[in-house]
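Asks: With the numbering used here applied, the sequence shown has no gaps in its numbers, which climb one by one up to 357 at the end. Glycine residues also receive a C-beta, built at the ideal position from the N, C-alpha and C atoms. Just so it is clear, the structure is predicted and the values come from calculations on it, not from any experiment. Supplied in structure tokens, the structure appears directly below.
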Amino acid sequence: MKNIEKCLNLIKGAYDLHVHSTPSHIKRKIDDIELLEMAEKYQMAGVMIKNHYESTAGRAELLNKHFNFKTKAFSGIVLNSPVGGINPYAAESALKLGAKFVWLPTRDALHCLKYGNMEGDFFNREGITIFDSDGNLKSSFFELLEVIKKYNAVLATGHISIEESLIVCQEATKFGVKTVLTHPDWKRTKFPLETQKKISDMGVFIEKVWANFEDGDINLEDFIESIRVIGPEKIFLTTDRGQYNRDYPINCYLMFIDMLIENNFSDEEIKIMTSYNPYKLIK
């Protein structure tokens, strides 16, 4: 990194709201406690623990209660097959325990499965969609919105299709639910920039992810352009790291900040995307 001292200053008070740690059904590089220890070392404000197949609410509660970390652990639930898909009851169970994010299906989304299995998949399943057999939004989706709004939580789009995401974002924002477009630069959920901008104009926060850049899903020029076009005020940064064969999430976060500095983003713009906007989502 070319700007290490500046990066170390800017990471203070930052949030990473998309990290994969163990316990996990999939091989990971770091466990929950190690993750919090590293985030604490760099004085981060919080990290969001994500598991594709179960709520992380209980884990976060114990971490925050029994460890003297100033960095806070946040939690969520992904509505994949093991929790019943688009299941408002599973969502409320997690939210009641303190979860802040509800992701629509990820690995089990019908759209995602069209690309084939991902490393770590361990069971066969039919894909999940937000539409019923008549092509209308499932009634359970509207029940889900009610639950999320009740707890002032966040709905994230997961790995569903562009068509589904547009409808989800329209309905959720109309309903008054805080909404996130999940990693729109990833190869399986790749949105044209003009569509990302259209969704951000609805009031949706756009997640920009280090992993998508580092893994080659988007080149540097297009990545930087997307942040500029959408605007830092509509974006928050995450790493989506924890994969066993990649660097530690905190190191990736520092590299993300360094990349933005090198591409002439101001300290204030970086703070908006690392601290202010994530806080708006989880407060």
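1) By alpha-carbon positions, which one of Pro306, Ile151 and Leu110 ends up nearest to glutamate 128?
2) Nearest by alpha-carbon distance to isoleucine 369: which of Phe265, Asp275, Ser167 and Leu211 is it?
3) Flag this pair as yes or no: are the beta carbons of alanine 88 and threonine 348 separated by less than 9 Å?
4) By the DSSP assignment, the alpha helix (DSSP H) with isoleucine 298 in it spans what residues?
5) Pairing CB atoms from the stretch 82-98 with CB atoms from the stretch 294-314, are three or more of them under 8 Å?
6) The beta strand (DSSP E) spanning phenylalanine 143 covers which residue range?
7) Hey, does leucine 84 have any beta-carbon neighbour from chain D nearer than 9 Å?
8) Within a Cβ cutoff of 7 Å, which residues of the same chain sit near proline 352, ignoring the five residues on either side of it in sequence?
9) Thinking C-beta only, is cysteine 186 closer than 9 Å to arginine 359?
10) Within 10 angstroms of the Cβ of phenylalanine 175, are there 16 or more other Cβ atoms? Answer buried if so, exposed if not.
11) Tell me whether arginine 199 is buried or exposed, calling it buried when 16 or more other Cβ atoms sit within 10 Å of its Cβ.
12) Quick one, are the C-beta atoms of proline 156 and glycine 232 less than 9 Å apart?
13) Measuring only the C-alpha atoms, how far is tyrosine 225 from alanine 131?
Replies: According to the structure data:
1) Checked all of Pro306, Ile151 and Leu110; the closest Cα to glutamate 128 is Ile151.
2) For the chain, the structure presents residues 75 to 357; residue 369 sits outside this window and is missing.
3) Taking 9 Å as the cut-off, the beta carbon of alanine 88 is found closer than this to the beta carbon of threonine 348.
4) From DSSP, the alpha helix (DSSP H) with isoleucine 298 extends over 294-304.
5) Between the stretch 82-98 and the stretch 294-314, the count of C-beta pairs closer than 8 Å reaches three or more; the two stretches touch.
6) Careful: phenylalanine 143 lies outside any beta strand (DSSP E) and carries neither H nor E.
7) In the displayed structure, chain D is absent; only one protein chain is listed.
8) Contacts found: Tyr89, Leu91 and Phe310.
9) Because the chain is modelled from 75 through 357, residue 359 falls outside the range shown and cannot be assessed.
10) Buried is the call here.
11) Exposed, because fewer than 16 other Cβ atoms sit within 10 Å of the Cβ of arginine 199.
12) Remark: C-beta atoms of proline 156 and glycine 232 do not approach each other more closely than 9 Å.
13) Computed Cα separation, rounded: 14 Å.
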